[in-house]
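Heads up, the sequence shown is in the working numbering, so the first residue is 25 and it goes up one at a time.
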Amino acid sequence: MKQILFSFVFLGLLFVLPAWVIAGEHQSARGSQVQAAGPYNLELIAKDGQLQLYVTDRMQNAVQTSGGSAIANIIDKDGNRATVQLKPVFGNIMRGSGDFKITPDTKISVLLAMDVKGTHVARFTFKGEPAFKGEPETAPAQTTESDNHPPHEGASENGSSDED
25 MKQILFSFVF LGLLFVLPAW VIAGEHQSAR GSQVQAAGPY NLELIAKDGQ
75 LQLYVTDRMQ NAVQTSGGSA IANIIDKDGN RATVQLKPVF GNIMRGSGDF
125 KITPDTKISV LLAMDVKGTH VARFTFKGEP AFKGEPETAP AQTTESDNHP
175 PHEGASENGS SDED
């Protein structure tokens, strides 16, 4: 009987533990918060007047944000509100700016709308932790479709020629 009970408890934990790992807040390598939102992980870097959002899937693979949009609602401890439109910059990064200050009591809700996966919400709080002090990543020079072509014949993936 104990063996059967143990088996049921073990199987139950086997199904529940991944949900605990996926849900909620995670820390990133950039020192900012990561929140799960639908099929995405959203990482928000917040600095006075600037927001930068990184979108990845659950396996931490970058999700292209072109064609998507996001709105961030920012509320400080005094109840002052600001709304910032986040637009795709490149790759998996969205960025927006506005007139707001990030304090340890700031709360930010991000509504993300991607092409076919619906709208998802993530809530970020800065309870007692300082705002992100680093500089948001800057985008590389904007590329055009013609810049994203396969290597020339005889060239390898890294651009070196096979002919020596």
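Beta carbons are placed, not taken as given, at the ideal position from N, Cα and C, and that holds for glycine.
Just so we're clear, the structure is a prediction, and the values are computed from it rather than from any experiment.
Three-state secondary structure assigned by DSSP to residue i
i	result
GLN192	This structure cannot speak to residue 192, because the chain is shown only from 25 to 188.
PRO112	strand
LYS131	strand
PHE148	strand
ASN104	coil
SER93	strand
ILE270	Examination of residue 270 is not possible in this model, given that the chain is present from 25 through 188 alone.
Cβ neighbour criterion (16 or more within 10 Å) applied to residue i
i	result
GLN57	buried
ARG119	buried
MET25	exposed
GLN2	The chain is shown only over 25 to 188; residue 2 falls outside these bounds and no answer can be derived.
MET83	exposed
ILE3	A query on residue 3 cannot be resolved here, the shown segment of the chain reaching from 25 to 188 and no further.
ILE98	buried
THR143	exposed
GLN27	exposed
Minimum C-alpha distance to residue i - residue among the options
i	options	result
LEU110	ILE28, ILE132 and LYS26	ILE132
LYS141	MET83, ILE95, VAL87 and MET25	VAL87
GLY19	HIS144, ALA60, PRO112 and ASP129	This structure does not reach residue 19, given that the chain is present from 25 up to 188, and the question cannot be answered.
ALA94	ALA146, MET83 and ILE28	ALA146
ILE117	THR143, ASN97 and LEU136	LEU136
ASP139	ARG105, SER90 and THR130	SER90
PRO128	PHE114, VAL108, THR149 and GLY115	THR149
GLY115	ALA61, ASN85 and GLN27	ASN85
VAL108	ASP100, ASP102 and VAL134	VAL134
THR130	ARG105, ASN104, ALA106 and ASP100	ASP100
Unbroken beta strand (DSSP E) run spanning residue i, endpoints
i	result
ILE117	117-121
ILE69	64-71
VAL58	57-61
GLN84	Unbroken run through GLN84: none, as it is neither H nor E.
>> Below 8 Å, how does it come out for the region 111-129 and the region 62-80: are there three or more Cβ pairs, yes or no?
In response: yes
>> Using 8 Å as the cut-off, can you tell me whether the region 77-95 makes contact with the region 59-66, which would need three or more C-beta pairs spanning the two stretches below that distance?
In response: yes
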